[in-house]
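First residue of the sequence shown: 487, per this note's numbering; consecutive thereafter. Cβ atoms here follow ideal geometry from the backbone N, Cα and C, with glycine treated the same way. Please read all numbers here as calculations on a predicted model, not as lab measurements. Some notes on the structure that comes next.
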Amino acid sequence: MEPGASLGDFWNEYAEPNLFFRGTKDGRFENISPSTGAFCSRVEVSRSLALGDLDRDGDVDCVVTNVDNMLRIFLNDAPQAGSHWLQVRARVHGRDAIGADIELVAENTPQAKSWRRPLIGTYSYASGNELATHFGLGTVDQVALARVRWPDGTREQFDVGSVDCVVTLQAGTGTMLTGKDHE
Numbered sequence: 487m488e489p490g491a492s493l494g495d496f497w498n499e500y501a502e503p504n505l506f507f508r509g510t511k512d513g514r515f516e517n518i519s520p521s522t523g524a525f526c527s528r529v530e531v532s533r534s535l536a537l538g539d540l541d542r543d544g545d546v547d548c549v550v551t552n553v554d555n556m557l558r559i560f561l562n563d564a565p566q567a568g569s570h571w572l573q574v575r576a577r578v579h580g581r582d583a584i585g586a587d588i589e590l591v592a593e594n595t596p597q598a599k600s601w602r603r604p605l606i607g608t609y610s611y612a613s614g615n616e617l618a619t620h621f622g623l624g625t626v627d628q629v630a631l632a633r634v635r636w637p638d639g640t641r642e643q644f645d646v647g648s649v650d651c652v653v654t655l656q657a658g659t660g661t662m663l664t665g666k667d668h669e
């Protein structure tokens, strides 16, 4: 660094706008950064992204930390008309079951529909997410069951029913699955 330069001057050289990509049905990603407003409009040195439902309205909000600058909170206020969701907390021995694989099944749709997500504590450098797995269900208004593969490899099935809420699945309280019940 030059004499008289500040640490902020040093980091400014590395500043870039954030990018936002949406997964497409064909397995690719589409850059939708221009449509995200403030999330991608600032030029900063962002280092971590944490996800969770901060305002308890059923959608995923974001917290971004920046080098030599303040963190930023982005509340997801997108319209939710007709969109349903379910957040699943998986617990084993009183702790979050990080590494569990959770599958939801809706059988009341024309074709049985399912969603699968892992319970992961973080997706980004130096951050930690809310430890509830979020499922966006679209127009599906009832989930029949949840299947969980626990971190120790055992598998269980739970009745769910309701949507637009948070459910907690506790290891050892569902119906044990064996063999090809859940692959």
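- For S534, same chain residues with a beta-carbon under 8 Å away, outside a window of 5 residues either side, are V550, T551, S610, Y611, A612, S613 in chain order.
- Its chain contains S519 as the residues whose beta carbon lies nearer than 6 Å to that of L505, once the 5 sequence neighbours on both sides are disregarded; these appear in chain order.
- Here T625 is actually not in contact with N615; their C-beta atoms are around 26 Å apart, not less than 8 Å.
- For the options S569, T659, E502, the alpha carbon positioned closest to that of C651 is the one of S569.
- Residue nearest to V591 within the set C548, D627, A632, E499 is A632 (criterion: CA-CA distance).
- Only residues of its own chain outside the window of five on either side were considered, and among them I588, T619, F621 have a CB closer than 7 Å to the CB of R603, listed in chain order.
- Collapsing the DSSP output to three states places S519 in a helix.
- The DSSP-derived three-state label of W497 is helix.
- Distances from the alpha-carbon of N517 to those of F507, Q643, M556, L617 put F507 closest.
- In this structure, W636 keeps its C-beta atom at 8 Å or more from the C-beta atom of A564.
- The straight-line gap separating the alpha-carbon atoms of M556 and G658 is approximately 43 Å.
- Taking the C-beta atoms as reference points, F496 is found no nearer than 8 Å to F525.
- By the C-beta density criterion, Q573 is buried, having at least 16 other C-beta atoms within 10 angstroms.
- Secondary structure note for A524: its alpha helix (DSSP H) is the uninterrupted segment 524-527.
- When the alpha-carbon of C548 is set against those of D554, V529, T522, the nearest one is in T522.
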